[in-house]
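The end of the sequence shown is residue 105 by my numbering, with every number in the run present. In this text, a Cβ means the ideal position worked out from N, Cα and C, and glycines have one as well. Below is one structure, written out as C-alpha coordinates; comments come after it.
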Amino acid sequence: MDLRVIESEDDELSIEIEGEDHTFMNVLKGALLETSGVIAATYDVNPEQSGGQTDPILTIRTETGTEPLDALETGADRVSEMTTTFRDAFQAA
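Below you can see the structure in the form of C-alpha coordinates.
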(Lines of atoms letter the chains of each structure in order from A and count residues from 1; the text may use other names and numbers.)
(Lines give C-alpha, C1' and ligand atoms only; values in the text may rest on other atoms or scores of the structure.)
Protein backbone atom coordinates (compact mmCIF):
# COMPACT_ATOMS: atom_id res chain seq x y z
CA MET A 1 0.00 0.00 0.00
CA ASP A 2 1.51 3.30 -1.09
CA LEU A 3 0.56 6.57 0.58
CA ARG A 4 1.02 10.04 -0.87
CA VAL A 5 0.57 13.15 1.23
CA ILE A 6 -1.70 15.64 -0.52
CA GLU A 7 -1.86 18.24 2.26
CA SER A 8 -0.41 18.37 5.76
CA GLU A 9 -1.18 20.99 8.38
CA ASP A 10 -1.07 21.07 12.19
CA ASP A 11 -4.65 19.84 12.51
CA GLU A 12 -5.45 18.33 9.10
CA LEU A 13 -3.97 15.66 6.88
CA SER A 14 -5.03 14.55 3.40
CA ILE A 15 -3.41 11.47 1.91
CA GLU A 16 -3.99 9.35 -1.16
CA ILE A 17 -4.07 5.62 -0.43
CA GLU A 18 -3.16 3.67 -3.54
CA GLY A 19 -5.13 0.59 -4.51
CA GLU A 20 -7.81 0.66 -1.81
CA ASP A 21 -11.58 0.80 -2.19
CA HIS A 22 -14.68 1.51 -0.10
CA THR A 23 -14.30 -1.70 1.91
CA PHE A 24 -11.02 -0.74 3.54
CA MET A 25 -11.69 3.00 3.58
CA ASN A 26 -14.97 2.66 5.49
CA VAL A 27 -13.30 0.49 8.14
CA LEU A 28 -10.38 2.92 8.48
CA LYS A 29 -12.69 5.93 8.61
CA GLY A 30 -14.76 4.26 11.33
CA ALA A 31 -11.66 3.50 13.39
CA LEU A 32 -10.47 7.08 13.01
CA LEU A 33 -13.81 8.48 14.15
CA GLU A 34 -13.42 6.43 17.35
CA THR A 35 -9.90 7.78 17.92
CA SER A 36 -9.41 10.34 20.67
CA GLY A 37 -8.62 13.79 19.29
CA VAL A 38 -10.14 13.19 15.85
CA ILE A 39 -12.83 15.72 14.95
CA ALA A 40 -13.57 14.41 11.46
CA ALA A 41 -12.45 11.68 9.09
CA THR A 42 -13.70 11.24 5.55
CA TYR A 43 -12.56 9.99 2.19
CA ASP A 44 -13.34 10.60 -1.46
CA VAL A 45 -12.68 8.18 -4.32
CA ASN A 46 -13.70 10.47 -7.12
CA PRO A 47 -12.73 14.06 -6.40
CA GLU A 48 -14.41 16.48 -8.77
CA GLN A 49 -11.10 17.96 -9.86
CA SER A 50 -9.64 14.56 -10.77
CA GLY A 51 -11.71 14.11 -13.88
CA GLY A 52 -12.47 10.50 -13.01
CA GLN A 53 -11.86 7.60 -10.68
CA THR A 54 -8.83 7.95 -8.44
CA ASP A 55 -7.32 6.20 -5.50
CA PRO A 56 -9.08 7.26 -2.31
CA ILE A 57 -8.07 10.49 -0.63
CA LEU A 58 -8.44 10.32 3.15
CA THR A 59 -8.80 13.55 5.12
CA ILE A 60 -8.39 13.68 8.89
CA ARG A 61 -9.07 16.76 11.02
CA THR A 62 -7.93 16.75 14.64
CA GLU A 63 -8.26 18.82 17.79
CA THR A 64 -5.45 21.18 18.69
CA GLY A 65 -2.63 19.17 20.23
CA THR A 66 -3.41 15.95 18.34
CA GLU A 67 -1.14 15.28 15.37
CA PRO A 68 -3.14 13.94 12.41
CA LEU A 69 -0.38 11.48 11.51
CA ASP A 70 -0.42 10.09 15.06
CA ALA A 71 -4.21 9.74 14.85
CA LEU A 72 -3.82 7.87 11.54
CA GLU A 73 -1.35 5.49 13.16
CA THR A 74 -3.73 4.87 16.07
CA GLY A 75 -6.64 4.27 13.67
CA ALA A 76 -4.58 1.88 11.54
CA ASP A 77 -3.53 -0.02 14.66
CA ARG A 78 -7.21 -0.31 15.63
CA VAL A 79 -8.05 -1.74 12.18
CA SER A 80 -5.24 -4.28 12.57
CA GLU A 81 -6.56 -5.31 15.99
CA MET A 82 -10.11 -5.66 14.65
CA THR A 83 -9.01 -7.86 11.76
CA THR A 84 -6.95 -10.07 14.06
CA THR A 85 -9.90 -10.45 16.45
CA PHE A 86 -12.22 -11.29 13.54
CA ARG A 87 -9.78 -13.80 12.06
CA ASP A 88 -9.31 -15.53 15.42
CA ALA A 89 -13.07 -15.72 16.02
CA PHE A 90 -13.65 -17.03 12.48
CA GLN A 91 -11.00 -19.73 12.84
CA ALA A 92 -12.41 -20.78 16.21
CA ALA A 93 -15.94 -21.18 14.80
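Starting from residue i, trace the beta strand (DSSP E) both ways and give me its first and last residue.
i, result
"Glu28", "24-29"
"Ser20", "15-20"
Within 10 Å of its beta-carbon, does residue i have 16 or more other beta-carbons around it, so buried, or fewer, so exposed?
i, result
"Asp67", "buried"
"Gly77", "exposed"
Among the residues of its own chain, which have a CB less than 7 Å from the CB of residue i, if the five just before and after it don't count?
i, result
"Val91", "Val39, Leu40, Ala43"
"Gly87", "Leu40, Ala43, Leu44, Thr47"
Can you find the residues in the same chain that come closer than 6 Å, C-beta to C-beta, to residue i, ignoring five residues on each side of it along the sequence?
i, result
"Val71", "Before going further, note that residue 71 is Thr rather than Val in the sequence given. Excluding positions up to five away in sequence, the list reads Ser26, Thr54."
"Val50", "Leu44, Thr74, Ala83"
- Contiguous alpha helix (DSSP H) assignments of at least 4 residues, all confined to the segment 32-91: 34-45
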